[in-house]
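Let me begin by presenting the structure, written as C-alpha cells, before commenting on it.
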Amino acid sequence: GYWVRGVDLKYPEFGKTEADEFVIGDLRNPLVVKEVMLAPNQNEFEEGSFDEVYQFAADMGGAGYVFTGDNDFYK
Numbered sequence: 001g002y003w004v005r006g007v008d009l010k011y012p013e014f015g016k017t018e019a020d021e022f023v024i025g026d027l028r029n030p031l032v033v034k035e036v037m038l039a040p041n042q043n044e045f046e047e048g049s050f051d052e053v054y055q056f057a058a059d060m061g062g063a064g065y066v067f068t069g070d071n072d073f074y075k
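In terms of the numbering used here, the sequence shown has 29 at position 29, counting the first letter as 1, and numbering is strictly consecutive.
Below you can see the structure in the form of C-alpha cells.
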C-alpha cells in the first residue's frame, strides 16, 4: 500500500511500470533530484517526505549489486 514514484532516463521498454507515477529524468541533474524528491501536493522539501529511497544504477551492477548487500543503504 505505498505510493511509488519511478524515475529513469527513459520509460521501461520491457514492461509496464508498477510505479504510481513515472518521471523521465536524469538523477545526475540536481534540479531533477530536487523536483522528484517533492512528495505529491508538496511545494518545498520537508524532512521525512519519503519513507525510503532506492537508487538503482545499471553501471553499478543493477540488481546483482543490490542483492549482495555490498552497497549504501539509507532509511
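Beta carbons: idealized from backbone N, C-alpha and C, even for Gly.
Would you kindly check if the distance between the Cβ of residue j and the Cβ of residue i is under 8 Å?
i	j	result
residue 27	residue 7	yes
Can you name, in chain order, every residue of its own chain whose Cβ lies under 8 Å from the Cβ of residue i, other than the five neighbours on each side?
i	result
residue 20	3, 4, 5
residue 33	27
Have a look at the options and flag the residue whose alpha-carbon is nearest the alpha-carbon of residue i.
i	options	result
residue 24	55, 10, 56, 35	10
residue 54	37, 47, 42	37
Shorter than 8 Å from the beta carbon of residue i to some beta carbon of chain B?
i	result
residue 56	Judged by its chain identifiers, the structure shown contains no chain B, having just a single protein chain.
According to DSSP, is residue i helix, strand or coil?
i	result
residue 35	helix
Contact check, residue i vs residue j under 8 Å by CB: the rounded distance?
i	j	result
residue 39	residue 50	6 Å
Considering only residues of the same chain and omitting the five flanking positions on each side of residue i, which have a CB-CB separation below 6 Å?
i	result
residue 17	6
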